[in-house]
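Here the structure is laid out as structure tokens; the discussion comes afterwards.
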Amino acid sequence: MHAGIIFLLVIIGSVLFHIFTPWYWTDIASNWGGMDDTITLTFWVGGGVFVAVCLFMIYCVFRYSHKEDRRAEYKPEDKKLEKILTWATTLGVAALLAPGLIIWNQYVNVPKNAIEVDVMAWQWGWQYRLPGADGKLGTTQVRNIADNNPFGINPDDPFGRDDIMVESDVINLENNRPVKILLRSVDVLHNWYVPQFRAKMDAVPGTVTFYWFEPNKVGEYEVLCAEYCGVGHYAMRGGVEVQDKADYEVWLSEQETFEQLSARYEKLNVDGNKLAKK
Amino acid sequence: MSDEYDNNKSYKAQSSEVMDGSTGSINPDIDYVRPAEVGEQDLYHGHSFIEKWVFCQDAKVIGVQYFLTAVFTGIVGLILSWLMRLQLGFPELAGFMTAEHYYQFVTMHGMIMVVYFLTALFLGGFGNYLIPLMVGARDMVFPYVNMLSFWMFFVAVAVLMASFFVPGGPTGAGWTLYPPQTILEGTPGSGMGILLMLISLSLFVIGFTMGGLNYMITILQARTRGMTLMRMPLTVWGIFTATVLAMLAFPALLVSAIMMTLDKVLQTSFFMPTILKAGEVLEYGGGSPILFQHLFWFFGHPEVYIVALPAFGIVSDLISVHARKNIFGYRMMVWAIVGIGGLSFFVWAHHMYVSGMNPWFGFFFATTTLIIAVPTAMKVYNWILTLWRGNIRINTVMLWCLGFIVTFVNGGITGIFLGNVSVDVPLSDTYFVIAHFHMVMGIAPLMVIMGAVYHWFPLVAGKMLHEGLGKWHFWITFLGAYSIYFPMHYLGFIGVPRRYFEMYDSPYMTSAVGMNEFISIAAFIVGAAQFILVFNIIKTLKTGKKAEQNPWKANSLEWYTSTVPPEHGNFGERLPVVHRWPYDFSVPGAKDDFIPQTTAPSEVIHTEVEKT
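Chains as they are written, first to last, in the working numbering: chain P, -14 to 263; chain R, 99 to 710.
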């Protein structure tokens, strides 16, 4: 009965692979441990069902392989068995769904004390903006985007003046402080994804999307684009540096506001004009 | 007509009685079958080579035409997958390949395999060949439209393949064709390539609608006497439900293709918001990229079941025949197929949990998605319960079925990960997704296709495929495909995003270099193993053993045709009359371990058949 044996080896191999795999998730660095836990739970339940179904199938292959003198059982239906299986499956599925929905509920409800980070994506790179002292981001429009206004902030919006412009593809975050990532794109779909934070969401041109997390490990992380965005997709990387409060404050104080940036460009312009006149 | 078959004789004798208006001669009460309400269909028999083999109206020839064309596209898709795996596993050997090429191959591989290979093969190929035979009809109800359906598909394939040769090459937007990038410069094939893709898809939908009308109406209106809906083989149920899904889902694809064509050609803004590209604001504004995703997945998710349901149906029949046992819980199986089909229209946005749609949708779509797991699980239970206490022939056909169960359950379980909204968040857009959908809607249906080829080849060609070659083909394919996709899930856990041309400059991704090489080697071997089947078919056609009629001792009508292979019109002078479901295997008291659907109750009076 070689067929049954090979199938059996495949199932045993799968289980051993799962136990001894060197490839597993990266060390988590955010509050979304619940996602990992739900995955683990689903692995136990789902993996158990997979192994049970396959072992039963293999048992049948061994036990009931063809013999000329034997007849199969004739039993078109077994209402009771079908009912038991239906309800057991329904319960199992509900048990997996419940934690999934509970965590989703946390995912879509952003804590009030979360700091907003505006992530703007383009082919192929990232830019960041933080609210200034007023705690509010200025409104934006794609049409306003220019060298002296990389985010397209509406010049008339008073909330925009003190917005902090991070002129780098690396954003610094404060450890243990929830972050609401606001995603925008000026051209195509992108997705700002740090595997260690687990969370992700697409950036969609024409609208602002969001998600949140709370980084809880100081360190440097790589940002990947997780939504196909053209030939540069695989190379569209950025960075995150999670810092303690003190370090973060220092970094924050070194960043330029929108007002300062505009002033700098105006000066450049004036200087440029002077040069041209000379 | 062949009179070698006892069963044929009996139904002939009996049906002639009923045709005369009187009831059955042997035992009028228990053998009664309602007389036909309408006369028989007139068939147009081809006179020339072209009418018989090219513009042919015989559903069986059309089925083979569909099958061969779909297989051709499948081979193109396979070669593209080799090139992709070469780049991912051994980039130093793939120096000729740019990122543009890679993304074009990814896109064309996906679209070809899902639409032009799997859908066309199951519905156009198996559907055309098997529906009239299995329901006891002489042909499809609209043979001429059916012929047009194939040729429309053929043109769609030609247009699709032409896109490889136009300036800029085929589209490289990913098979999901998400705007805005699909039609923006910077995406490969954003000129002619995408236009040809959209035209080809539109032609496919038009052609498919012609075929789909035939499948549905033939099944509803042209079943032979006694073939009640609940006596139909599950193959027919699967294809029927899939066709209904396709007729409802494909219009969404057609609409989105038309709207995108307008966005591309006339600069309308259905899916295009204000866009800044290379420092310039483009002449678009106000459109919604997410609207396209809703339309696409409103088609795209039922599409998964358009492929899966025929596979479910076919595998049920194969398992039952080769386990010599009735399919366990037939009625549950039928309702599960119909239920899954219905539910499949309420789950589409589970492809969009992290798309930026209103996140509150997540609750609804996670719930509906996990509900669908229940009827699906019931089907799996019923397959293995059919094996239980069976008398299982471990032949090539059965091996493919067992391979299907393993890969389908594996892929189904990972579907519960991805359907469960918050679990999807870390896994979405990673290799876990690739592993999941290849296992569940690539490998699993492919296992069924292969099983079906080995099962029905004796009917189509009148010769038995070589068993030994078949087993090698199976084991290399099954073990190879499993070792491609099982480890791939773990790439997803690491966090490796999909659709990456290169990926080795992140520390945790570097650890996967070895696995990528292994997966690529497995992919080369599995792909090459498919040519064992090609060789087997050629060898069998030349020198193979002639098949006896009904070599598997099956009950369904396709094995009880007047000639093998069946001629145009299928059933000789008189259509068969059906007295039972196709699953009367190993009935206590019966002489043989099978009772054909055409056997009247009075012929097997001493058996303990349950009323079916």
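Where a beta carbon is used, it is the ideal one built from N, C-alpha and C, also for glycine.
Source: prediction; values computed, not measured.
Asked, Found
"Distance, R:V264 Cα to R:T372 Cα", "29 Å"
"Pair within 8 Å by beta-carbon distance, R:S354 and R:L301", "no"
"The alpha helix (DSSP H) enclosing P:T194, as first and last residue numbers", "Here P:T194 belongs to no alpha helix (DSSP H); instead the beta strand (DSSP E) covers T194 to F198."
"Limits of the alpha helix (DSSP H) - the one that R:Y276 falls within", "Element bounds for R:Y276: n/a, residue is neither H nor E."
"Euclidean distance between Cα positions of R:M601 and R:H587", "16 Å"
"Nearest residue (CA-CA) to R:T608, options R:I703, R:I617, R:V594 and R:A620", "R:V594"
"Unbroken stretches of the alpha helix (DSSP H), 4 residues or longer, contained in the segment 472 to 534 of chain R", "494 to 517 and 519 to 525"
"Sub-8 Å separation of R:P674 and R:T696 beta-carbons", "yes"
"Where R:S120 sits in the DSSP three-state scheme", "In this predicted model, R:S120 has a pLDDT of only 40, less than 50, meaning its place in the structure is not dependable enough to derive any value."
"Buried/exposed call for R:I177, threshold 16 Cβ in 10 Å", "exposed"
"Validate contact between the segment 624 to 631 of chain R and the segment 558 to 574 of chain R using beta carbons, cut 8 Å, 3 pairs", "yes"
"Per-residue DSSP class, three states only, for P:W10", "coil"
"Cβ-Cβ separation, P:W111 to P:G204 (assumed contact under 8 Å), whole Å", "The Cβ separation is near 19 Å, so there is no contact."
"Simplified DSSP state of R:K423, which is helix, strand or coil", "coil"
"Interfacial residues, the segment 218 to 232 of chain P to chain C, with Cβ spacing under 7 Å", "Considering every chain present, this structure includes no chain C. Its protein chains are P and R."
"Per DSSP, the bridge partner or partners of R:N226", "Bridge partners of R:N226: none, in fact."
"Chain P contacts made by the segment 410 to 436 of chain R, where a contact means CB separation under 9 Å", "H420, A421, R422, K423, N424, I425, F426, G427, Y428, R429 and M430"
"Per-residue burial, R:G687 [other beta carbons within 10 Å of its own, 16 or more giving buried]", "exposed"
"Chain P contact for R:V521 (CB, 8 Å cutoff)", "yes"
"Buried versus exposed, by CB contacts within 10 Å (16 or more), R:L216", "buried"
"8 Å contact criterion, which R:W395 and R:M450 should meet: CB distance rounded", "6 Å"
"Closer than 8 Å at the beta carbon, the chain R residues around P:F56", "One detail in the question is off: residue 56 of chain P reads as Arg in this sequence, not Phe. Under the 8 Å cutoff, chain R gives R422, N489, S684, P686 and D691."
"Reduced DSSP category for P:N176 - H, G, I as helix; E, B as strand; rest coil", "strand"
"Cutoff 8 Å: P:Y206 Cβ touching any chain R Cβ", "no"
"DSSP state of R:Y103 mapped onto helix, strand, coil", "Confidence at R:Y103 is low in this model, with a pLDDT of 39, below 50, so its placement is unreliable and the value that follows should be read with caution. Correct three-state label for R:Y103: coil."
"Cβ-Cβ distance between R:V538 and R:G509 below 8 Å", "yes"
"CA nearest to the CA of P:G85, picked from R:G324, R:D522, R:G488 and R:L311", "R:D522"
"Inter-stretch contact at 8 Å, needing at least 3 Cβ pairs: the segment 223 to 236 of chain P / the segment 148 to 159 of chain P", "yes"
"Under 8 Å by beta carbon: chain P residues contacting R:T326", "Under the 8 Å cutoff, chain P gives no residues; its nearest Cβ is about 15 Å from R:T326."
"Where the segment 157 to 178 of chain P meets chain R: residues whose CB sits under 8 Å from a CB there", "L168, V171, D172, V173, L174, N176 and Y178"
"Beta-carbon separation (whole angstroms), R:G670 vs P:A57, contact threshold 8 Å", "Between P:A57 and R:G670 the Cβ distance is about 32 Å, and since that is not below 8 Å, they are no contact."
"Close Cβ partners of P:G217 (< 7 Å) along its chain, the five nearest in sequence each way excluded", "Q108 and W109"
"Minimum Cβ-Cβ distance from R:V478 to chain P less than 8 Å", "yes"
"Any non-hydrogen atom of the ligand GDP closer than 7 Å to R:M232 Cβ", "Of ligands this structure carries none, so the ligand GDP is not represented either."
"Residue(s) in a DSSP beta bridge with R:M562", "R:K643"
"Residue from P:S238, P:G137, P:Y92 and P:S170 whose Cα sits closest to the Cα of P:A118", "P:S238"
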